[in-house]
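All remarks here apply to the structure that follows.
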Amino acid sequence: MSGIIEQERYTCAIGALQTVVAIPRAVPILHSGPGCGNMIQGFFERSTGYAGGSTSPCTNFSEREVVFGGEDRLRENIRNTYRVLDTDLQVVLTGCTAGIVGDDVGAVCEEFRAEGKPLVAVETPGFQCNNFEAHSLVVNAIIDQYVALYEDENPARSEKNTVNLWASIPYQDPFWKGNLREYKRLIEGLGFRVHVLFGPDAAGVSEWQRIPRANFNILVSPWYGLPIAEHLKEKYGQPFTRFPSVPIGANETERFLRQALAFAGEHGAGFDTEQTENFLAREIGGYYEEIDNLATFLLEFRYGLPNHAHILHDAGYVVGLSKFLLHEVGIVPKEQFAVDGTPEAFQAEIRADLASASDKKTIPLYFEPDAGKAQDVIRGLSHSGRGIILGSGWDKELAKEKDFDFLSVSVPSPYRLTLTTNYVGFSGGLRVIEDIYDTVLATYR
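So for the sequence shown, this note's numbering puts the first residue at 616; every next one is plus one.
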């Protein structure tokens, strides 16, 4: 049996260079062949940031380094990167060739750390894991090799109303910037200070240095990122609360926020209950005001709107979007496909989370990293009414075949430009509705 899969919706481990790119003024250095950065840029598109993709410093591992080792080449590359780029943090990531040869990247980086350089080494050969898992490897390496240097100035759990947020994986989630901004706004609205750590709303490495100060961690994920929260619990004694799917719309967003509030109360945080309830009331009220405004449109177009949907995305979005479409949009989720390579250990929990969406309807869920096979399943299905596919750019032609509507919501996505759009929260739910019905209305002539 061949190990080849079609239309992979994630990258190899070195794709976690985007985790570094998402930290303000941090730069990845690739100890790899010259094609790795180009491959990542081609998959994520528009994702170079400060120095990512094909602009990342790279040792361009060649046959010479395979024979004689590449440590001298890496040493030279690091030194020149410091000369050319004004950076606050550099992270060396290894590719497959470096992993096979066995270069001691950690020892090379230690030479520069001894000079006071902020440098982190991470083993990310492509055969080790995918970028969902490598995201945790990179973050934990930064915590151990960089954040740990500042522990004396940042006592563990010293700020009772400060939290570290671990949610959207940068660039793998096309809405990561907007999502993190909205998470931050919502959690701050409850009365907390939030270390968002990635993107334009983060404070750069100074915020990473303060990670130990947080009272607890908030993780939004069905499985990826869990090693980060577990590591911080072990290292700094920080407990964590995990919300297992992406909270979209009023129901799940309120549940997410109240879960965070309850957890904070259990761990000594103090907040103004009246202020918190007023904030939630305003957010919920504003959301349902827009839904009320939508009612006339839905009544008028009820026979020309999609009545069922297929989603191809990571497990967190599959569950989050399914719950939202069923309960707040009126589109029935049919067969759904988690295409993120979900580890088997988490699949039963994710199925149970999706099953909790309804006690009347069963939503079939496939864990299928081979998106080509997922598409073949959809090709063989027949449901009455108008359908819509929410997936990556690769699913656009399938939607045409099925005469379905199509909305691009995952990578790779050459048919959509996403800058700061968010899909999480109350406003995110409204944006999903806008995007779905803009797509539908565009089909009318």
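For every residue, glycine included, the Cβ atom is placed at its ideal position computed from N, Cα and C.
The structure presented is a predicted model; accordingly, all values stated were derived computationally and were not measured.
Name, in chain order, the residues that DSSP records as bridge partners for residue i.
i, result
"G1040", "I863"
"D788", "P785"
"C673", "L645"
"F659", "Answer is none; F659 lacks a bridge partner."
"F855", "N832"
"L704", "A641"
"L805", "None, per the DSSP bridge assignment."
"P948", "A924"
"E774", "A829"
"A736", "V707"
"C651", "The partner list for C651 (beta bridge, DSSP) is empty, contrary to what the question assumes."
Determine the extent of the alpha helix (DSSP H) in which residue i is found, giving its start and end residues.
i, result
"D1020", "Element bounds for D1020: not the alpha helix (DSSP H) but the beta strand (DSSP E), 1020-1023."
"N893", "888-915"
"R573", "Because the chain here runs from 616 to 1060, residue 573 falls outside it and cannot be looked at."
"R808", "Element bounds for R808: not the alpha helix (DSSP H) but the beta strand (DSSP E), 808-810."
"F961", "959-970"
"V716", "711-716"
"G741", "No alpha helix (DSSP H) contains G741, which DSSP labels as neither H nor E."
"H846", "841-851"
"E987", "A small fix is needed here, since residue 987 is Gly in this sequence, not Glu. Unbroken alpha helix (DSSP H) run through G987: 986-994."
"L1034", "No alpha helix (DSSP H) contains L1034, which DSSP labels as neither H nor E."
"L1013", "1011-1017"
"T634", "632-636"
"W823", "820-824"
"R728", "720-728"
Less than 8 angstroms separating the beta-carbons of residue i and residue j?
i, j, result
"E774", "R828", "yes"
"R772", "G852", "yes"
"F855", "F831", "yes"
"S836", "G931", "yes"
"V1024", "H923", "no"
"Q962", "H925", "no"
"N866", "E943", "yes"
"A637", "G793", "no"
"L1013", "I993", "yes"
"I784", "I826", "no"
"C724", "V735", "yes"
"G956", "Y625", "yes"
"V642", "G685", "no"
"L1022", "I1048", "no"
"N746", "A628", "yes"
Rounded to the nearest angstrom, how far is the Cβ of residue i from that of residue j, given a contact under 8 angstroms?
i, j, result
"V567", "V737", "The structure shown does not extend to residue 567, since the chain is modelled only from 616 through 1060, so no value can be given for it."
"V1039", "P862", "6 angstroms"
"P672", "N653", "About 14 angstroms separates the two Cβ atoms, so there is no contact after all."
"N776", "F807", "5 angstroms"
"E623", "P984", "7 angstroms"
"Y798", "A782", "6 angstroms"
Over what stretch of residues does the beta strand (DSSP E) that includes residue i continue unbroken?
i, result
"Q951", "951-953"
"L980", "980-982"
"I758", "Segment 746-760 is the alpha helix (DSSP H) holding I758; no beta strand (DSSP E) there."
"V835", "829-835"
"T1058", "Premise fails: T1058 is in no beta strand (DSSP E) and is neither H nor E."
"L927", "923-928"
"G1005", "First, the residue type needs correcting, since residue 1005 is Leu and not Gly in the sequence shown. Run containing L1005: 1002-1006, per the beta strand (DSSP E) assignment."
Using 10 angstroms around the beta-carbon of residue i, count the other beta-carbons present and answer buried if the total reaches 16, otherwise exposed.
i, result
"Q787", "buried"
"I644", "buried"
"Q890", "exposed"
"E748", "buried"
"L632", "buried"
"S617", "At S617, the pLDDT of 49 sits below 50, so the modelled position is not reliable; the number obtained from the coordinates is stated separately. Counting Cβ neighbours within 10 Å, S617 comes out exposed, since fewer than 16 surround it."
"V699", "exposed"
"A729", "exposed"
"A666", "buried"
"T868", "buried"
"L1034", "exposed"
"R694", "exposed"
"S1042", "buried"
"K1015", "exposed"
"V820", "buried"
"T977", "exposed"
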